[in-house]
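Take 1153 as the starting number for the sequence shown in this note's numbering and just add one per residue.
First up is the structure itself, then whatever we jot down about it.
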Amino acid sequence: MQVKSFVLCEQIRQENTGKFMLIGVFGTDVIENNIPQENRWNNPLFFGVYFALKVDRAIDAGFYTVKVEVDNGVVHTPELTLEIKKDGASNLQIPMSIALMLNGPSEIRMNIYRKDSMELVAELGKFSIVNAEK
């Protein structure tokens, strides 16, 4: 299994044609400056994550868990279960919404694990949420 792309954004929408629209794309750092300092970490943060995988179905068939992990807070998004079957396309495009309640700046990591053993299979991506500079 190979991660081909990982994009963090504010929202993901899917058109009737099947194409995805990524709205408000971020880089590797999300700067939290649109909320006053005294209330900045009192509200949940919502993001869309879009990732693409290339799989070898003969080798990668099975169940996997996509897990969001944070250093400084709580993830309010359930783990995503992926089933890769022995037949089908080898390129997968997966949109996912995540909700986080952070206590302050944090690094967020997204990984794929084998469902049965929780063995790390792929590091999807990571990003940081930081305070705006004064």
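Glycine included, every Cβ here is placed at the ideal spot set by N, Cα and C.
Quick caveat, the model's predicted, so the values are computed rather than measured.
- Taking C-beta separations shorter than 6 angstroms and ignoring five residues to either side along the sequence, the partners of A1274 in its chain run M1153, V1155 and I1264, following chain order.
- Here the segment 1213-1231 does not lie against the segment 1165-1175, with fewer than 3 beta-carbon pairs under 8 angstroms apart.
- Among the bridge pairs identified by DSSP, I1183 is matched with V1282.
- Burial state of F1198 is exposed, judged by a 10 Å Cβ sphere holding fewer than 16 other Cβ atoms.
- By the criterion of at least three beta-carbon pairs nearer than 8 angstroms, the segment 1249-1265 is in contact with the segment 1216-1232.
- Minimum Cα-Cα distance from K1267 among the listed residues M1248, L1232, C1161 and K1206 corresponds to L1232.
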